[in-house]
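> Supplied in structure tokens, the structure appears directly below.
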């Protein structure tokens, strides 16, 4: 073919394949924008990128043999690949965000349902929900694996560190959450409204201390430990995520405090 024909063939192939790729990407974006997870996104995105480039290469193969048209062919190929890659990266980020929100929402809901078994903030509460935290982290790990696009270095490593830190923070801060306080208030109101049998007068006082230590790092180490002494308890959480961008953004652009202590005074009065 002539140089003009070769250039036109590259333009035509670019237009057709970018249009086909955008149609698929647009459908994915519509689903992701509604907070939904795209089934097998990682393998599907990898297949879309590879198929798009293979078809473009096939349709412009004749232009590769012309020294005057070959550079233009590569330029349009690079442009086509850039468009698809950018959209896939944006979709990966939104899918991870959707999955993280869904995981945290389910975990907080589980904590709220199990709250009545043990007082929120007590060591028993944290111990009983440690397995729930691990289950939530494992479920996230399994789901985010299907989102990975290795050819674009879109992996789950950073997302796992982020969600593990947020799950630990959610567990430790749950007793002070609005949902937990509202449920506690309702339970108190229900107890007050019941007819109480005469009992001996008593006042029990307890102190719960919850501390969170956040040294430098990106969330590679997390955990918590606690101790009960009668009506008193202390729980200490650890997460080396002070340098993680998502953590800094949660604190308005500044690093979180190295240690944060939240005391909670408990009064049990029977008259």
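Residue numbers (the working numbering): 1 to 271. No residue lacks a Cβ here, since even glycine has one placed at the ideal position from N, Cα and C. All values reported here derive from a predicted model rather than from experimental measurement.
(1) For the alpha helix (DSSP H) containing residue 247, list its first residue and its last residue.
(2) In this structure, what does DSSP give as the bridge partners for residue 262?
(3) How about the region 157-170 and the region 56-70: do they share at least three Cβ pairs that are nearer than 8 Å?
(4) Check for me: the alpha helix (DSSP H) holding residue 44 runs from which residue to which?
(5) Out of 215, 81, 46, 90, point me to the one whose CA is closest to residue 30's CA.
(6) Do the region 36-53 and the region 9-26 meet, that is, are 3 or more Cβ pairs less than 8 Å apart?
(7) With 16 other CB atoms within 10 Å as the buried threshold, where does residue 58 fall?
(8) Looking only at its chain, what residues have a beta carbon closer than 6 Å to the beta carbon of residue 162, apart from the 5 residues adjacent to it on each side?
(9) What three-state label does DSSP hand residue 240 in the structure shown?
(10) Taking its Cβ as the centre, do 16 or more other Cβ atoms sit within 10 Å of residue 36, making it buried, or is it exposed?
(11) Quick check on the burial criterion: 16 or more other C-beta atoms within 10 angstroms. Buried or exposed for residue 40?
(12) Closer than 8 Å by C-beta to residue 11: which residues in its own chain qualify, once you throw out the five before and the five after it? Chain order, please.
(13) Using a Cβ-Cβ cut-off of 8 Å (strictly less than) and excluding sequence neighbours within five positions of residue 257, which residues of its own chain qualify?
(14) Could you give the DSSP three-state label for residue 223: helix, strand or coil?
(15) Within the same chain, show all residues whose beta-carbon is closer than 7 Å to that of residue 32, passing over the 5 residues directly before and after it, in chain order.
(16) Measure the C-alpha to C-alpha separation of residue 188 and residue 236 and round it to an integer number of angstroms.
(17) If you reduce the DSSP assignment to three classes, tell me which class residue 3 lands in.
(18) From residue 60 to residue 13, what distance separates their C-alpha atoms?
(19) Thinking C-beta only, is residue 103 closer than 8 Å to residue 138?
(20) What does the alpha-carbon distance come out to for the pair residue 133 and residue 165?
(21) So, under 8 Å CB-CB, residue 239 and residue 219 are touching, yes? Tell me the CB distance rounded to an integer number of Å.
(22) Can you list, in chain order, the residues of its chain whose CB lies under 8 Å from that of residue 7, leaving out five sequence neighbours each side?
(23) Would you list, in sequence order, the uninterrupted alpha helix (DSSP H) runs of no fewer than 4 residues that lie entirely inside the region 58-143?
(24) Are there 16 or more other CB atoms within 10 angstroms of the CB of residue 105, so buried, or fewer, so exposed?
(25) Give me whichever residues DSSP pairs with residue 154 in a beta bridge.
(26) Compute the distance between the beta-carbons of residue 211 and residue 254, then report whether it is under 8 Å.
(27) Hey, residue 152 and residue 85: beta-carbon distance below 8 Å or not?
(28) How many angstroms separate the CA atom of residue 248 from the CA atom of residue 159?
To lay it out plainly:
(1) For residue 247, the enclosing alpha helix (DSSP H) covers residues 245-250.
(2) According to DSSP, residue 262 shares a beta bridge with 210.
(3) With a cut-off of 8 Å, the region 56-70 and the region 157-170 do not count as touching, because too few Cβ pairs lie within range.
(4) 41-59
(5) 90
(6) Result yes; three or more Cβ-Cβ pairs closer than 8 Å.
(7) The Cβ neighbour count for residue 58, taken over all protein chains shown within 10 Å, is under 16; the residue is labelled exposed.
(8) 246
(9) coil
(10) Looking at its Cβ environment, which holds fewer than 16 other Cβ atoms inside 10 Å, residue 36 is exposed.
(11) exposed
(12) 76
(13) Contacts found: 214.
(14) strand
(15) 38, 91, 94, 95, 98
(16) Per-residue confidence for residue 188 stands at a pLDDT of 49, beneath the threshold of 50, marking its modelled position as unreliable; the derived number appears in the next sentence. Each residue's Cα considered, the two are about 27 Å apart.
(17) In the three-state reduction of the DSSP assignment, residue 3 falls in the helix class, which pools H, G and I.
(18) 7 Å
(19) no
(20) Approximately 11 Å between the Cα atoms of the pair.
(21) 6 Å
(22) Excluding residues up to 5 positions away in sequence, 63, 69, 72 lie with their Cβ nearer than 8 Å to the Cβ of residue 7 in the same chain.
(23) 70-114
(24) exposed
(25) 149
(26) no
(27) In this structure, residue 152 lies near residue 85, with their beta-carbon atoms less than 8 Å apart.
(28) Answer to the nearest angstrom: the Cα atoms are 15 Å apart.
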